[in-house]
Amino acid sequence: MKNPPSTDHAFVYSLYQRMLKDHLNYAYLGIFTQEITNSLINFIQGLLKITEGSRKIKKRVFYVMIECIQNVTRHQEMPDKAPPRSDGIFLFQSKTGMYNISMGNSIDNKHIDLLKEKLEKVNQLSKVELKEYYKTVLKNTVISEKGGAGLGLIEIARKSGNQLRFKFSKLDDNFSFFFMDTLINELEDANSEQMHFFNGVEVTEKVMDLMDLNHINLLYRGQFSEHKAFDMLDVIENVRFHEDQPPLVKKRIFRVVVEMLENISLHGADLKCLAGQKIGILLIGREGKTNRLVTGNIIMNDSAKTLAKKLDYINSMNEKKLNDFFIRKLDDEDMSDFKTDLGFVDMRRK
Numbered sequence: 000m001k002n003p004p005s006t007d008h009a010f011v012y013s014l015y016q017r018m019l020k021d022h023l024n025y026a027y028l029g030i031f032t033q034e035i036t037n038s039l040i041n042f043i044q045g046l047l048k049i050t051e052g053s054r055k056i057k058k059r060v061f062y063v064m065i066e067c068i069q070n071v072t073r074h075q076e077m078p079d080k081a082p083p084r085s086d087g088i089f090l091f092q093s094k095t096g097m098y099n100i101s102m103g104n105s106i107d108n109k110h111i112d113l114l115k116e117k118l119e120k121v122n123q124l125s126k127v128e129l130k131e132y133y134k135t136v137l138k139n140t141v142i143s144e145k146g147g148a149g150l151g152l153i154e155i156a157r158k159s160g161n162q163l164r165f166k167f168s169k170l171d172d173n174f175s176f177f178f179m180d181t182l183i184n185e186l187e188d189a190n191s192e193q194m195h196f197f198n199g200v201e202v203t204e205k206v207m208d209l210m211d212l213n214h215i216n217l218l219y220r221g222q223f224s225e226h227k228a229f230d231m232l233d234v235i236e237n238v239r240f241h242e243d244q245p246p247l248v249k250k251r252i253f254r255v256v257v258e259m260l261e262n263i264s265l266h267g268a269d270l271k272c273l274a275g276q277k278i279g280i281l282l283i284g285r286e287g288k289t290n291r292l293v294t295g296n297i298i299m300n301d302s303a304k305t306l307a308k309k310l311d312y313i314n315s316m317n318e319k320k321l322n323d324f325f326i327r328k329l330d331d332e333d334m335s336d337f338k339t340d341l342g343f344v345d346m347r348r349k
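Numbering that gives the first Met the number 0 applies: residue 0 is where the sequence shown begins, and numbers increase by one.
See below:
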């Protein structure tokens, strides 16, 4: 029997530790609408600006990322049949000049042999051979909405400079789930140890199970500087909350997320060992009509007790007391904790 979904403190911290161990920066599990695709691309582009690495490697990472996301978008719709799951997954991992991009989507079992053949063909070719193979396929292929005879796979291999690792996991008699990852590093042609450093396919499969079990759609671990935190809002705004929820509820959700991100960017601990970065974790998901928003961040021990008392006090208030407290804070001449208190109260009220 599976464990019930959890967002308790121990779970969130263990998830943060796991993401740290796997060098996992970002994960999205859900339907890849055009809005989601665009916002994911914009967010990762912003994320690349604050990560280590040359401009050249970041351009390669960005190109591979676009191809991977578009691959999921192209193949998630199967109008003739309904797969057991119609969502896709995208993961981004990084560590000191190395980046790993993973993706996954459902596939009709009758298409597996052909896709496997294309992947094995691409993995056998050298850089020069890939270039010539791309020209040959392009010349002899009719491009459709689903792409063109593996052109995307060829381009991913060319830009990454490394092999494409893949796996097919059976869903039922008709469908499987296709996982693929590739490494992008400065020198290209990674050795065996580098190729398996991130274990992208294995990590993606485990993270997808964890996100499924806990009804999580979006995971982020990393910097929460004021600029970086609010770069996420475009992605968050386009995450599909329950379709039956009225616009007012969605607006409240968005405003709460803004307060949560602002809280980390303003009050997270500045760590000297991380060049003053404010590091944290964000989870967004839904179960039925219940939306789940969770953040976590590092805080200095001498501030923890004060913050805990403040939160306990705010949680003890009913609606009337919350409103009265909010008004008192607006009139309070002591502005030292003004924004912190108002932010927490505003989250409770919404």
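We put the CB at the ideal spot given by N, CA and C, even for glycine. Values in this document were obtained by computation on a predicted structure and should not be read as measured data.
> Do you know how far the Cα of Asp330 is from the Cα of Asn37?
Replying inline: 42 angstroms
> Which whole-angstrom value describes the C-beta separation of Leu28 and Met210, a residue pair presumed to lie in contact below a C-beta threshold of 8 angstroms?
Replying inline: 5 angstroms
> Buried or exposed: which applies to Leu14, given that a residue is buried once 16 or more other Cβ atoms fall within 10 Å of its Cβ?
Replying inline: buried
> In three-state terms, what does DSSP make of Asn173?
Replying inline: Three-state DSSP puts Asn173 in coil, outside helix and strand.
> Where does Arg84 sit, in a helix, a strand or coil, going by DSSP?
Replying inline: coil
> Per DSSP, what kind of secondary structure is Phe196 in: helix, strand or coil?
Replying inline: Taken through DSSP and simplified to helix, strand or coil, Phe196 comes out as coil.
>> Comparing C-alpha positions only, which one of Leu341, Asn216 and Asn262 sits nearest to Glu286?
In response: Asn216
> Applying the criterion that 16 or more other CB atoms from any shown protein chain within 10 Å of the CB defines a buried residue, is Leu282 buried or exposed?
Replying inline: buried
>> Determine whether the beta carbon atoms of Gly87 and Asn184 lie at a separation below 8 angstroms.
In response: no
> What are the start and end residues of the alpha helix (DSSP H) that includes Asp107?
Replying inline: Premise fails: Asp107 lies in the beta strand (DSSP E), Met97 to Asp107, not in any alpha helix (DSSP H).
> What does DSSP give as the partner residues of Leu23 in its beta bridges?
Replying inline: Gln92
>> Rounding to the nearest angstrom, what Cα-Cα distance links Thr50 and Phe61 in this structure?
In response: 13 angstroms
> Beta carbon of Ser168, beta carbon of Leu182: below 8 angstroms?
Replying inline: No, Cβ-Cβ distance for Ser168 and Leu182 is not below 8 angstroms.
> Taking the alpha-carbon positions, what's the His214 to Gly284 distance?
Replying inline: 6 angstroms
> According to DSSP, is Asn2 helix, strand or coil?
Replying inline: Residue placement at Asn2 is flagged as unreliable, the pLDDT there being 44, under the threshold of 50; the coordinate-derived value follows with that caveat. Note: Asn2 maps to coil in three-state DSSP.
>> Let me check understanding here. Comparing Cα to Cα, which of Ala156, Val200 and Lys80 lies closest to Phe177?
In response: Val200
> Sorted by chain position, which residues of the same chain lie with C-beta nearer than 6 angstroms to Asn296's C-beta, five sequence neighbours on each side aside?
Replying inline: Ile263, Gly267 and Gly279
> Less than 8 angstroms separating the beta-carbons of Arg164 and Asn24?
Replying inline: no
> Buried or exposed: where does Asn70 fall if 16 or more other Cβ atoms within 10 Å of its Cβ makes it buried?
Replying inline: Flag for Asn70 reads buried.
>> Taking its Cβ as the centre, do 16 or more other Cβ atoms sit within 10 Å of Ala307, making it buried, or is it exposed?
In response: exposed
>> Given a cut-off of 8 angstroms on the beta-carbon distance, is the pair Gly103 and Met207 in contact?
In response: yes
>> Can you tell me whether Gly295 is helix, strand or coil according to DSSP?
In response: strand
> Helix, strand or coil for Phe337 per DSSP?
Replying inline: Because the pLDDT of Phe337 is 46, which lies under 50, any placement of that residue in the model is unreliable, and the question is left without a value.
> DSSP on Thr135, reduced to helix/strand/coil?
Replying inline: helix
>> Taking the alpha helix (DSSP H) that Leu217 belongs to, which residues open and close that run?
In response: Not the alpha helix (DSSP H): Leu217 falls in the beta strand (DSSP E), residues Ile215 to Gln222.
>> Let me confirm a value: Arg54 is counted as buried when at least 16 other C-beta atoms fall within 10 Å, else exposed. Which label applies?
In response: When all chains shown are included, Arg54 counts as exposed.
> Near Lys117, what residues of its chain come up, given a Cβ to Cβ distance below 7 angstroms and the 5 sequence neighbours on each side ignored?
Replying inline: Around Lys117: Gly149 and Leu152.
> Under the three-state reduction of DSSP, which class applies to Ser286: helix, strand or coil?
Replying inline: Note that residue 286 is Glu in the sequence shown here, rather than Ser. Strand, per DSSP.
> Nearest CA to the CA of Arg92: which residue from Asp21, Ser105, Thr72 and Ile35?
Replying inline: The residue you asked about is not Arg; residue 92 is Gln in the sequence shown. Per the Cα distances, Asp21.
>> Leu46 and Lys57 - do their beta-carbons sit closer together than 8 angstroms?
In response: Not closer than 8 angstroms, so no.
>> For Ser5, which residues in the same chain have their Cβ closer than 7 angstroms to its Cβ, ignoring the five residues on either side in sequence?
In response: Reliability of the predicted coordinates at Ser5 is poor, the pLDDT of 48 falling under 50, and the value obtained from them is presented with this limitation in mind. These residues qualify, in order along the chain: Asn213.
>> Whole angstroms are fine: how far does the CA of Ser175 sit from the CA of Val127?
In response: 33 angstroms
> Do Phe31 and Asn99 come within 8 angstroms of each other at the CB atom, strictly closer than that value?
Replying inline: no
> Which term fits His74, buried or exposed, when burial requires 16 or more other beta carbons within 10 angstroms of its beta carbon?
Replying inline: A residue is called buried when at least 16 other Cβ atoms come within 10 angstroms of its Cβ; His74 meets this threshold and is buried.
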